[in-house]
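A.B. asks:
Chains as they are written, first to last, in the working numbering: chain A, 115 to 512; chain B, 5 to 394.
1) Check each residue of the segment 267 to 289 of chain B: if its Cβ is closer than 7 Å to any Cβ of chain A, include it; give the result in chain order.
2) Residue 443 of chain A: buried (16+ other C-beta within 10 angstroms of its C-beta) or exposed?
3) Indicate the three-state DSSP secondary structure (helix, strand or coil) for residue 569 of chain A in the structure shown.
4) Looking at chain B, is there any beta carbon in it that lies within less than 9 Å of the beta carbon of residue 259 of chain A?
5) So which of B:148, B:177 and B:163 has the shortest CA-CA distance to residue 250 of chain A?
6) In chain B, which residues lie with their C-beta within 9 Å of the C-beta of residue 247 of chain A?
7) If you run the structure through DSSP and keep just helix, strand and coil, what is residue 413 of chain A?
8) If we count Cβ pairs, one from each stretch, closer than 8 Å, do we get three or more for the segment 267 to 280 of chain B versus the segment 236 to 248 of chain B?
9) So what's residue 480 of chain A in DSSP terms, helix, strand or just coil?
10) Indicate the three-state DSSP secondary structure (helix, strand or coil) for residue 379 of chain A in the structure shown.
11) Is the separation between the beta-carbon of residue 193 of chain A and that of residue 216 of chain A shorter than 9 Å?
12) Nearest CA to the CA of residue 361 of chain B: which residue from B:352, B:150 and B:332?
13) Would you kindly check if the distance between the Cβ of residue 408 of chain A and the Cβ of residue 387 of chain A is under 9 Å?
14) Would you mind telling me which residues of chain B sit closer than 7 Å to residue 292 of chain A, beta carbon to beta carbon, in chain order?
15) In the DSSP assignment, the alpha helix (DSSP H) including residue 433 of chain A goes from what residue to what residue?
16) Identify each residue in the segment 404 to 430 of chain A for which the Cβ-Cβ distance to at least one residue of chain B is less than 8 Å, and report them in chain order.
17) If you draw a straight line from the alpha carbon of residue 294 of chain B to that of residue 135 of chain B, how long is it in whole angstroms?
18) With respect to the beta strand (DSSP E) encompassing residue 190 of chain A, which residues constitute its N-terminal and C-terminal limits?
19) What does residue 353 of chain A reach in chain B if we use C-beta pairs closer than 9 Å?
20) Once the 5 residues before and after residue 482 of chain A are set aside, which same chain residues still bring their CB inside 6 Å of it?
21) Of the choices A:200, A:499 and A:455, whose alpha-carbon is the least far from that of residue 344 of chain A?
22) Let me know the alpha helix (DSSP H) ranges lying completely inside the segment 161 to 202 of chain B, each 4 residues or longer, listed in chain order.
23) Evaluate the contact criterion for the segment 341 to 352 of chain B versus the segment 67 to 87 of chain B: three or more CB pairs, one atom per stretch, below 8 Å.
24) Rounding to the nearest angstrom, what Cα-Cα distance links residue 436 of chain A and residue 229 of chain B in this structure?
25) Using a Cβ-Cβ cut-off of 6 Å (strictly less than) and excluding sequence neighbours within five positions of residue 390 of chain B, which residues of its own chain qualify?
26) In the DSSP output, what is residue 276 of chain B paired with across the bridge?
27) Hey, how far is the Cα of residue 219 of chain A from the Cα of residue 326 of chain B?
28) Measure the C-alpha to C-alpha separation of residue 296 of chain A and residue 288 of chain A and round it to an integer number of angstroms.
29) Do you know offhand how far residue 509 of chain A's Cα is from residue 474 of chain A's?
30) Using a Cβ cut-off of 7 Å, pull out every chain A residue sitting near residue 171 of chain B, in sequence order please.
31) Let's test the definition: count the other Cβ atoms within 10 Å of the Cβ of residue 208 of chain A and tell me whether it reaches 16, buried, or not, exposed.
32) Would you say residue 113 of chain B and residue 131 of chain B are within 9 Å of each other, going by their C-beta atoms?
33) So within the segment 289 to 362 of chain A, which uninterrupted beta strand (DSSP E) runs reach at least 3 residues, ignoring any that extend past its ends?
34) Might you give, ordered along the chain, the residues of its own chain that have their beta carbon closer than 6 Å to the beta carbon of residue 252 of chain A, omitting 5 neighbours on each side?
35) Please identify the residue among B:117, B:232 and B:165 whose C-alpha is closest to the C-alpha of residue 306 of chain B.
36) Please list the terminal residues of the continuous alpha helix (DSSP H) segment that includes residue 78 of chain B.
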């Protein structure tokens, strides 16, 4: 089973390798020391390395890119799952209280190789292979967090964490409140979710919509190696429980990331492509479908502004609001289902706050409200495709 | 008589200090008494400890006083609930006090205890004050959880009391997680995860037990078997009511939970075992006089004769009273004085808690996150509350 999960096809097959994503800003955390590279939101670089050429673009490259041309550029190239591992490893080095628990994370190396090599390095007490008992090992992680440890709990597939829903909702999300602030739960719950390549209905679940109402929980979704590493580090350092949503199909994305240590802000959205005509809000895998559609839209003369919201709870209404005030039109493209999804909450938040700035109703493209079918053609039709995004923007901008 | 001097010292404890007395160490002036537990221990895959327990007069007196305090607190909570000062759910612990006291006598505050919703007395045993408990029950700001938890969510972090959980069985994986952290941080302490006979059928218990046994965690699972899971008797809910054997490969011990000295002996034994060998299950055979909660009369599924029979024959406070009288540590009037004083303490604590205010409205939004982000949103009229949206 795990082997078939690992052989998910490279996403790069679907995306034009020459298309570049625009600068992704990383605001610095307050109180960070000078040794961390800081990229300000207007592209300026500060810190000890100002003046060096920092590449902040995410490029999905094919495997046959000649390696010699990459030697001269700063930073190092890696795949998304390696970026996650790097972030995890750096945090485990930095704080001895960080431990990882999950199924097959230790000796097997992780079903998506995110934790490969960590068990030999840190030992069995810090990288824990659990039996198949999500309810109890999530509960155990939360209990350990109550005393001060910082566990990273992995669900082999996000869908399996439904078995631990009680622990995540009642204990993880609520204990800080019901104890009057006595206990904090600094756990990170992470795992791959989303619709993959014909994995079947039960292994293609998108739990962000189920978890979003749990009070006390923070949710982030990573989409590039750069933000995967930054968000992983930020999530581990956060004192709140954070659910980090990864996507099965994005693990093999390649990007060049800085050598220097960096931590991203958990509550911040990422400006992928500035524009003037319409704001497209998206996250995780749909970012790539949107960018593919953006290429078509640019050819047709539109100028879409693409924002990867990254923070699913709380929403970064500052970035989103500024964008809405500029473009007056909003399209939300998400992978979770229409009913009760992230898009519906985002729509409500935008309407509550920025109603006066909207020139058109907010459009929301989400997956169909169906269990994900196995057949490839049907599966394609459950998620939003670039053609639908292009049509939606054209309709919005009439 | 030395004992009356001791009793007088206890009675003149400062009125404001409503904490429980700690058993004094038995070295020095106090003589040791050896008492046999009511029934021998039964072991599952383990040699049970001896039936003879050593104790001192001071310790016995403190047991009596502390158990009377707990009993009085629960009865007071009963009348507060009936006068609608406590709302919602209120699960009372009277009859089971010996477990809380016996456990405390065997361990330190560095060890962790976690339990389900029948937690008022355990919190008191862990060092919670009467005022904190009553204030929390009445939803006041001086409560141990600032009034935001309620009866089922008492916590006391500094004394290792981790609550206070409403969902049946969910506290057991948490308790094994506490044990994991203790092993990880090499603290040399243990965790006691308390649960009931109803929760013993939860799957997550066996999952957590498997992991604890696999990783040799210092976790002690204590089943407070009061023979009824809300309205369902033990024999109607569990195919195998021998809860101490349910661990299979994990050893277990069956203890008479109404005998505080037996509980103390078993807990001490379990702590030594768990630190060396991993998890162990303790089954405490106990009984609750009240129903499951205040909305349950407690007599529809059991007879009043049964309740009064247990009260006559097995009541933990009576047992200690008989011990104290038979060993001539205290007289009947001494003990009556203690009970009167305890009653007075509880009434004063209730009066103090009643005067305490409800939490400030801004407390609705605090402690949702650490370093609270905006959780406030529009009120229905959109004029009063400003929006800081998530």
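Backbone N, C-alpha and C define an ideal beta-carbon position, used for all residues, glycine too.
C.D. replies: Looking at the coordinates:
1) none
2) Taking the first residue of the first chain as 1, we reach residue 443 of chain A at position 329. When all chains shown are included, residue 443 of chain A counts as buried.
3) As shown, chain A starts at 115 and ends at 512. That puts residue 569 of chain A outside it, with no answer to give.
4) Counting from 1 along the first chain, the entry for residue 259 of chain A is found at position 145. For residue 259 of chain A, at least one C-beta of chain B is nearer than 9 Å to its own C-beta.
5) Indexing the first chain from 1 puts residue 250 of chain A at position 136. For residue 250 of chain A, the nearest C-alpha among the options comes from B:177.
6) Within the first chain, residue 247 of chain A is the residue found at index 133, counting from 1. Near residue 247 of chain A (Cβ distances below 9 Å), the residues of chain B are 177, 207, 208, 210, 211, 212, 214 and 215.
7) Looking up residue 413 of chain A in the first chain gives position 299. In the structure shown, residue 413 of chain A sits in a helix (DSSP, three-state: H, G or I).
8) no
9) In the first chain, residue 480 of chain A corresponds to position 366, counting from 1. Of the three classes helix, strand and coil, the one that applies to residue 480 of chain A here is strand, per DSSP.
10) Counting from one through the first chain, the residue named residue 379 of chain A turns up at place 265. Three-state DSSP puts residue 379 of chain A in coil, outside helix and strand.
11) Residue mapping note: residue 193 of chain A aligns to position 79 of the first chain, counting from 1. Residue mapping note: residue 216 of chain A aligns to position 102 of the first chain, counting from 1. Contact flag unset, no.
12) On the second chain, position 357 is the one that residue 361 of chain B refers to. Among B:352, B:150 and B:332, the Cα nearest to that of residue 361 of chain B belongs to B:150.
13) Along the first chain, one-based indexing puts residue 387 of chain A at 273. Along the first chain, one-based indexing puts residue 408 of chain A at 294. Contact: yes.
14) As a first step, residue 292 of chain A is located in the first chain; it is residue number 178 there, counting from the start. Under the 7 Å cutoff, chain B gives 149, 152, 153 and 157.
15) Position 319 of the first chain, counted from the start, is the residue given in the question as residue 433 of chain A. Looking at the DSSP string, the run of the alpha helix (DSSP H) that includes residue 433 of chain A is 431 to 441.
16) 427, 428 and 429
17) Numbered from 1 along the second chain, position 290 holds the residue referred to as residue 294 of chain B. Numbered from 1 along the second chain, position 131 holds the residue referred to as residue 135 of chain B. Distance between the alpha carbons of residue 294 of chain B and residue 135 of chain B is about 22 Å.
18) Along the first chain, one-based indexing puts residue 190 of chain A at 76. Counted as a single uninterrupted DSSP element, the beta strand (DSSP E) harbouring residue 190 of chain A occupies residues 190 to 193.
19) As a first step, residue 353 of chain A is located in the first chain; it is residue number 239 there, counting from the start. Here the neighbours are 373, 374 and 375.
20) If you number the first chain from 1, residue 482 of chain A lands on position 368. For residue 482 of chain A, where only same-chain residues beyond five positions count, the Cβ hits under 6 Å are 496.
21) Position 230 of the first chain, counted from the start, is the residue given in the question as residue 344 of chain A. Ranking the options by Cα distance to residue 344 of chain A, first place goes to A:200.
22) You should have 175 to 188.
23) yes
24) Here residue 436 of chain A refers to the residue found at position 322 when the first chain is read from its first residue. Here residue 229 of chain B refers to the residue found at position 225 when the second chain is read from its first residue. When rounded, the distance between both Cα atoms is 60 Å.
25) For the purposes of this step, residue 390 of chain B is taken as residue 386 along the second chain, with counting starting at 1. Because residue 390 of chain B sits at a pLDDT of 48, beneath the cut-off of 50, its placement in the model cannot be relied upon, and the following sentence gives the value as read from the coordinates. Answer for residue 390 of chain B: no residue qualifies.
26) For the purposes of this step, residue 276 of chain B is taken as residue 272 along the second chain, with counting starting at 1. None; residue 276 of chain B has no bridge partner.
27) Translated into positions along the first chain, residue 219 of chain A becomes position 105. Translated into positions along the second chain, residue 326 of chain B becomes position 322. If you take the alpha carbons of residue 219 of chain A and residue 326 of chain B, they lie about 57 Å apart.
28) Within the first chain, residue 296 of chain A is the residue found at index 182, counting from 1. Within the first chain, residue 288 of chain A is the residue found at index 174, counting from 1. Cα to Cα, residue 296 of chain A sits roughly 12 Å from residue 288 of chain A.
29) Numbered from its first residue, the first chain carries residue 509 of chain A at position 395. Numbered from its first residue, the first chain carries residue 474 of chain A at position 360. One Cα belongs to residue 509 of chain A, the other to residue 474 of chain A, and the distance between them is close to 10 Å.
30) As a position in the second chain, residue 171 of chain B is number 167, starting the count at 1. Residues of chain A passing the Cβ test: 280 and 284.
31) Along the first chain, one-based indexing puts residue 208 of chain A at 94. Counting every other CB atom within 10 Å of its CB across the protein chains shown gives residue 208 of chain A a total below 16, marking it as exposed.
32) Against the second chain, residue 113 of chain B aligns to sequence position 109. Against the second chain, residue 131 of chain B aligns to sequence position 127. Taking 9 Å as the Cβ cut-off, residue 113 of chain B and residue 131 of chain B qualify as a contacting pair.
33) 302 to 307, 332 to 335 and 356 to 361
34) Position 138 of the first chain, counted from the first residue, corresponds to residue 252 of chain A. Within the same chain, residue 252 of chain A has close Cβ partners 267, 278 and 281.
35) Counting from one through the second chain, the residue named residue 306 of chain B turns up at place 302. Measuring from the Cα of residue 306 of chain B, the nearest candidate turns out to be B:232.
36) Here the question's residue 78 of chain B lines up with position 74 in the second chain. From DSSP, the alpha helix (DSSP H) with residue 78 of chain B extends over 61 to 86.
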